[in-house]
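Just below is one structure, and these are the notes that go with it.
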Amino acid sequence: MKNIYSFFLFTILFNVFGTFAQQAPVTRLDEVRLSDSRLYKNSRSQVVTVLKDSVLRENDPLLTNVLKFNSLIFFRENGYGMVSSASFRGTTASQTAVVWNGININSQFTGQTDFNTINTTGYEDVAVRAGGGSVLYGSGAIGGSVHLNNKFRFSKNFSNTFRLDYGSFNTRLIRYSGEASSEKTSVYINAAGTASNNDFPYPVTGSFNENGDFQNMNVSAGIAHWLDENNILKFYSESYTGERGFSGTLTAPSRSKFEDVNHKNLLEWKGFYGDYTSSLKVAYLEENYKYFENRSREDHSFGNAKNYIANYDLSYRITEAISLNGIVDHRHTKGRGSSVGENTRNITAFAFLFNHDLGRFFYELSTRKEITNNYESPILYSLGAGYAVTSYYGINLNLSRNFRIPTYNDLYWSPGGNIDLDPESSYQAELGHTLKFGTFEFGLVGYIMEITNLLRWIPNRSGLWQPVNTGEVRNYGLEARSAYQTTIGNHQFSLNAIYAYTKTEDKALGRELIYVPNHKVTGSLAYTFKDFSFSYQFLHNGSIYTSSDNVYELKGYSLSNAGIAYSPSRLDFITFGLEVRNLFDKEYQSLPSRPMPGRSFNSSLTLNL
């Protein structure tokens, strides 16, 4: 393995890699509009890719499909609309944090987020942050984090958007977004309902996807009000209700059903007092689920977790170039379930963040320590720096230590839970550069991470599956990004491309980890001419191993989507859309024996009032 470290050292010495870094300072306006301002203020040495609402509107509203075609994350799906888990830089789903307006919302039971339960309709943007982020966002932010952001505007605005979709397999979608604001008050509300028979045909066999129907409703709202010229109060709320059958495999039918209801509420008081900025957040998160082995019966298992969160962040601008943050965070969790009993967890965290901008050179330092009654947490840190060599070329470096705590299922699942587990710990290093010429951008980043105390469920001597700290894993790879935009008369073009090379190694076995493709490529082309707009998306996922001995392998696949939209000039508040998904009708699976849909169609009508 010495050649791996030599390879990484070589990149540092000769500046081979690149990254898109956040160079613009966060202004007071950004602090007001966005609750998760630390995402940009304290992540300048790492890659943050922002998908704006225009991108979200062009894609299937389920977060899985948005990120599958627009990010480096690989998804393992049990079928369209079924359980979907993320693999970021070769890590597991529990090592990718999902953050809602600055609050980590990963499940207290599984430690992960099912990306098919998140509807992107209600968000201003979705940001993808590559690399370790446990200092800012706590447990699980090892491979990276996904950020769901709502924003407020104070521009005397009133707008409403309605959208109706209908597509293959009797798939229906209705969305509404409304916003009203004055100079002192801003309000938004979003609602989206989705339902589908999801009975697509399986290739070759002639059978259909059975028991894969789903329906869900998501409602979110927020209000912000200036109390005076220095104090603003903001409130965010969101509720999700979903019900879906769990489709079986090619060889094993299923009659199971899953119901879940989740609530998120966040109140923030922000104050601006000269060189000091104060932010107090209190949040309440609740997750509920019921699992029916046979949907025609009432017997079911269940789980309920209630999270009470308080966070205080005091920022002091020492000079125009230097800032310091002190953060205190407390989370109280009460969880109960048919398989985990009833348990309580308290976590208190202290963090310090330091930023120094010297013009062409900047550096950022941060550290975090958690105290809890369940485990001993390591001291976490992140060290980052960047240098603008020229006006079009820059280099960044980041080193960090990250971790993931055992979940309720890991500790208390009966039978099999293990209360003696230690947190996973990870050391990471990444180096990157960025090139920018006008509207053309290119970045390339290289990284390596070492994960110890990897949590895995394995059978013990009696055959009972139980979680243990046994694994040590090394992940390393390259990530390239490019973007270009141009306008020629009435013709507008936009091109984006992403490539990821990922290598993983289980040190004990000397094998690659399962369900991690070595290669992923995405690309998109958008073209607008007068009243018409056209889009094309491409995705390639390389082959994956499906057994720990690397004997069984699932072949890779390539997919294409294409769409057209028409907004007549005389009726510019109306947009008609048509999309073809899986354009070339490719047969593919992201998990063994779980076929995904072939070619399908979706039509839409949008009204902007």
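Taking the working numbering, the leading residue of the sequence shown gets 212, the next gets one more, and so forth.
For every residue, glycine included, the Cβ atom is placed at its ideal position computed from N, Cα and C.
Unbroken beta strand (DSSP E) stretches of 3 residues or longer found wholly inside the stretch 365-402: 369-378, 382-392, given in chain order.
In the three-state reduction of the DSSP assignment, Asn476 falls in the strand class, which pools E and B. In this structure, DSSP gives Lys252 a helical state, which the three-state scheme calls helix.
Scanning the stretch 298-336 for uninterrupted beta strand (DSSP E) segments of 3 residues or longer gives 307-311, listed from N- to C-terminal end. Here Tyr712 is bridged, per DSSP, to Leu689, His730.
The DSSP-derived three-state label of Arg542 is strand.
In this structure, the straight-line span from the alpha carbon of Ser588 to that of Tyr413 is close to 47 Å.
Cβ-Cβ distances below 7 Å link Ser758 to Ile725 in the same chain, with the five nearest sequence neighbours on each side left out; the list follows chain order. Cβ-Cβ separation between Asn360 and Glu335: approximately 6 Å, consistent with a contact (criterion under 8 Å). Take the alpha-carbon of Ser815 and the one of Thr786: they are about 8 Å apart. DSSP places Tyr763 outside any beta strand (DSSP E), giving it a letter other than H or E. The three-state reading of DSSP puts Lys279 in helix, counting H, G and I together.
Ranked by Cα distance from Phe369, the first of Gly351, Ser392, Gly354, Asp376 is Ser392. Ser754 has its alpha-carbon roughly 12 Å from the corresponding atom of Asn761. Annotation for Ser345: the continuous alpha helix (DSSP H) segment containing it runs 345-348. With a 10 Å radius around the Cβ and a threshold of 16 neighbouring Cβ atoms, Ile606 comes out buried.
Per DSSP, reduced to three states, the secondary structure at Leu274 is helical. With respect to Leu491, Trp480 sits close: the two C-beta atoms are nearer than 7 Å. For Ser549, the CB contacts under 6 Å within the same chain, skipping 5 residues up- and downstream, are Ser512, Phe513 in chain order. Per DSSP, the unbroken alpha helix (DSSP H) holding Leu622 starts and ends at 619-623. In the three-state reduction of the DSSP assignment, Ser744 falls in the strand class.
Inter-residue distance for Val732 and Thr650 is about 22 Å (C-alpha atoms, whole angstroms). Glu504 sits close to Ser467, with the two beta carbons spaced by under 7 Å.
When the five nearest sequence neighbours on each side are left out, the beta carbons in the same chain lying within less than 6 Å of the beta carbon of Thr260 are those of Val339, in order along the chain. Under the three-state reduction of DSSP output, Leu461 falls in the coil class, being neither helix nor strand.
Val337 is positioned such that its CB atom lies closer than 7 Å to that of Leu262. In this structure, DSSP gives Arg508 a state outside helix and strand, which the three-state scheme calls coil. Assignment of Asp264 by DSSP, reduced to helix, strand and coil, places it in the helix class. Within the same chain, Asn330, Ala403, Tyr451 come within 6 Å of Asn429 by CB-CB distance, once the 5 residues on both sides are set aside. Under a 10 Å Cβ-count criterion, Thr396 is classified as exposed, with fewer than 16 other Cβ atoms of the shown protein chains found around its own Cβ. The three-state reading of DSSP puts Ser418 in coil, since its state is none of H, G, I, E or B.
Remark: C-beta atoms of Asn752 and Gly734 do not approach each other more closely than 7 Å.
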